[in-house]
Amino acid sequence: MSKTATAKIKSIKTILLNYKTLLQRDNFPVKKIILYGSYAKGNYKPYSDIDVCVISDKFSKKADYYETYLWKKALDVDSRIEPVGYHPENFKNIDPLVNEIKKHGIEIKSSF
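See below:
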């Protein structure tokens, strides 16, 4: 990976750490944040969105409400963030999107 690509991925990780922090400040229990899609695969374009999976126990009930919440909070950080939410148990299921996230996803942790 080139220095430019490495720097770009690092900047995306910083954006997602800010997003995770914002969610946690609202007492939203985040178990994992996973970058997937074009940035995780390294085939992003200048105007690519930032696909992110948020895994939280909050998705066991009122999933639609919390999906809307994730989108609203994403706009407070970066309009390119496109979140999807999963309960930890649902993330174990066989599902094309879950498989994609598991195969190519990059978990966003506190350090790089």
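For the sequence shown, our numbering begins at 252 and goes up steadily by one. Note that beta-carbon positions come from the ideal geometry of N, C-alpha and C, so glycine has one too.
Taking the Cα positions, D327 is about 16 Å away from K264. If you draw a straight line from the Cα of F279 to the Cα of K292, it comes to about 28 Å. Using a Cβ distance threshold of 8 Å, E333 and I301 count as a contacting pair. DSSP places K354 inside the alpha helix (DSSP H), whose first and last residues are P347 to H355. Scanning the stretch 313 to 338 from its first residue to its last, the whole beta strand (DSSP E) runs of 3-plus residues come out as 332 to 337.
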